[in-house]
Structure formats: C-alpha cells, structure tokens
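J.: Let me begin by handing over the structure; questions about it come next.
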Amino acid sequence: MEWSIRSLEELDDVADRFLAYVGNRKIFALYGPMGVGKTTFVKAVCRCLGVEDDVSSPTFAIVNEYVTNAGESLYHFDFYRVNSIEEAMDFGYEEYFYGGCRCFIEWPEKIDELLPEDIVNCVFSENPDGSRILRVNL
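Quick note on my numbering: the sequence shown kicks off at 15 and runs consecutively.
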C-alpha cells in the first residue's frame, strides 16, 4: 500500500487509513532519511488513537511511552544513537516488541537482527516537490 502526503493537513487522514489498513498488527519499522517525517507520522497516529501526551522524538531516551484514550500503551523508539546490538538488548527490547503493545521503531536498520518476523515495514521518502510517500509492506 502506498500513500502520498502533500501537506501536514493530510497527515491525520493518512494515519487513519494506515491504522485501518494494518489492522491488529503491532510492530512497525519506520525507514527513511532524517527529516522525512517519521516522528511527525507517529504524532499523527497518536492523535488518531487519542493520545493526549506530548509526542516527541525519543532520540536521547531511546523509547517513549504514550497511552491511548483506550488505556493502551504505545511505544515509540529511536535507535539512531544506538551503536551496537548489545545496547538495544540492555534495555530489554523483548518486553516491548513481544509485549502485545504497538511499537513504532525509527532507525530499525540499527537493530535489524532483533526485529520480530511479523514486523510491518513502513518506508518514507520525499519527492522533489517536498511531498512525502509512505509505502507499507505487510
């Protein structure tokens, strides 16, 4: 599935359609260059799920937890600053990835060998006109 995102105003609609498309899937690998909108997309998904917390990049914390209006936890990871698999293992990634909650993982290529088999790959790219493309592979 592929969506074109021409403006920030379209983002919540795309996030809504994304959630409908992925159904009960929980683990999402977000690929794309810095500045392409991965964190902004997670913010839109959180809005659609009723998260009222301030959603921000977990660049320094590695993981942020948000709670939806249904009381479900959602985890947002940023592995950009992780330099080894051991670092990811040290904070107990298994509890997050296999705990049944939604997990959005930025820079998943840094921990590729730890990713679950049933992960949904989400690839973000930018067009010359500044619009974004989101490709989702189930």
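The beta carbon of each residue, even a glycine, is placed where N, CA and C say it ideally should be.
Tell me, to the nearest whole angstrom, how far the beta carbon of residue 89 is from that of residue 81; I am working on the premise that it is less than 8 Å.
T.: Not confirmed; about 11 Å, so no contact.
J.: Since residue 33 is in the alpha helix (DSSP H), which residue starts that stretch and which ends it?
T.: Where residue 33 is concerned, the enclosing alpha helix (DSSP H) stretches over 25-36.
J.: Just verifying my parser: in three-state terms, what is the DSSP assignment at residue 39?
T.: Reduced to three states, the DSSP call for residue 39 is coil.
J.: How many Å lie between residue 87 and residue 72 at the Cα?
T.: Computed Cα separation, rounded: 15 Å.
J.: At which residues does the alpha helix (DSSP H) containing residue 104 begin and terminate?
T.: Looking at the DSSP string, the run of the alpha helix (DSSP H) that includes residue 104 is 99-104.
J.: Quick one: residues in its chain with C-beta nearer than 6 Å to the C-beta of residue 116, no 5 flanking neighbours on either side, listed in chain order?
T.: 40, 88.
J.: Excluding the 5 residues flanking residue 110 on each side, which residues of the same chain have their C-beta closer than 8 Å to its C-beta?
T.: 77, 89, 91, 117, listed in sequence order.
J.: Under 6 Å Cβ to Cβ from residue 57, same chain only, skipping five residues before and after it: list those, please.
T.: The residues are 69.
J.: Mapping the DSSP letters down to three states, classify residue 44 as helix, strand or coil.
T.: If DSSP states are grouped into helix, strand and coil, residue 44 belongs with the strands.
J.: Between which two residues does the beta strand (DSSP E) carrying residue 136 extend?
T.: Where residue 136 is concerned, the enclosing beta strand (DSSP E) stretches over 134-140.
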